[in-house]
Structure formats: structure tokens, C-alpha cells
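In this note's numbering, the protein residues as written are -10 to 149.
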Amino acid sequence: SNPDLTVLVFTDYNCPYCKRLEPELQRLIKGYPNIKVVNIIVPLRQQVVAGLDTNASGFALSVWQQAPDLFPQVHDYLMEKNGMHDKASLQKIAELTDTVKWLKRHSKSEIIQQKNQQVFLELGLRGTPAILIEDITIPGYVPYTTLEKAVQQVLLKNTP
């Protein structure tokens, strides 16, 4: 609730580099329990899934809003799948997590996606993942050592 540092990550559930970064972020969270990682979901690669009235990002955001306790599991499944999500992959995840009722368009999720994309563009970001650690911007995938070095640098700077 009162982290020493907040790391912002602009991510997309269909981005292969975002999926590669996810284990590095999980490792960072475990190694630095006093930091918080906030994922800002932007659907850059897929606006609509054929046969559904939503996309992976909209589905995730709906679960996050309506059933936050189920979100971590949905997030993990969305990140684990190789390649782009399709109707079958999203339906399978929804069935596994008992979140089928959120596999449809929700206006609140749409608004959040639009705001996330607007902030993404206003910051001049060009792709996902994009990591913001105070005044440091890291575009694209980076290995854990690079991520940890940036976190340590900011934590050291902020130490009185």
C-alpha cells in the first residue's frame, strides 16, 4: 500500500516481448517486496477477436474490475499463451478461471483501454513493453539484470 517505488509497465497480452518480460517482473517483485509493479494494459496488436465482442485486454480489465480476486490467475494464463489470443484461447481461459461472464464488451473496460492508449501515446511510447521507473524509460524487453539495475539506481537515489 505504501511502496518504496512503483514501476509502471505498459503491456499487451498479445505481445511476445511482454510475455517474455513477465517472469522478469515476477522475479523483481519477489526480490524487492517493497516495490509495486503496475501493469497498464494497452491492446496494440489486437483490437477485436474474431467471434467475440471483446479482446484479451478488455477481458482482463473486465475481470480486474468485476472479480479482482480472479484477475491474477486470468493474467497469468493470458501471459502464458504463446502467440496471439483468439476466441478459443480466451474461452478456454475464461472456463478455467470461472470468468466466462466477463468475456464480453464492457463499457468501463473500453474506457480504461482508451485512457491507457491515450497516456501511452502522450508519453511518446512506441511499443510494448515499455517500463517507467520514475525518470527512467526502458523501451522493449530487457533481462532481469537490466531491470534490477534500474530499480537499484532509483532506490539508491531516493535513499535519504
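Every residue, glycine too, gets a C-beta built ideally from N, C-alpha and C.
- Counting the other Cβ atoms within 10 Å of the Cβ of D1 gives 16 or more, which makes it buried.
- With contacts defined as CB atoms closer than 7 Å, Y130 and Y6 qualify as a contacting pair.
- In this model, T148 and Q142 are separated by some 10 Å (Cα to Cα).
- Counting other Cβ atoms within 10 Å of its Cβ, G113 stays below 16 and is therefore classed as exposed.
- Take T86, set aside five residues on each side of it, and the residues of its chain with a beta-carbon closer than 6 Å to its own are L59, Q62, V63, in chain order.
- Apart from the 5 residues on each side of it in sequence, Y21 sits with its Cβ closer than 7 Å to the Cβ of V140 in its chain, given in chain order.
- Between the C-alpha atoms of W91 and K19 there is a straight-line separation of about 30 Å.
- Linking W53 to K138 through their CA atoms gives a straight-line distance of about 30 Å.
- Counting C-beta pairs with one atom in each stretch, the stretch 29 to 47 and the stretch 94 to 102 have three or more that are closer than 8 Å, which means they touch.
- In this structure, DSSP gives V52 a helical state, which the three-state scheme calls helix.
- Under the DSSP assignment, L(-6) falls in the beta strand (DSSP E) whose first and last residues are -6 to 0.
- For K93, no alpha helix (DSSP H) run applies, since DSSP gives it neither H nor E.
- For T134, the enclosing alpha helix (DSSP H) starts and ends at 133 to 147.
- For L121, the enclosing beta strand (DSSP E) has its first and last residue at 119 to 122.
- Taken through DSSP and simplified to helix, strand or coil, P128 comes out as strand.
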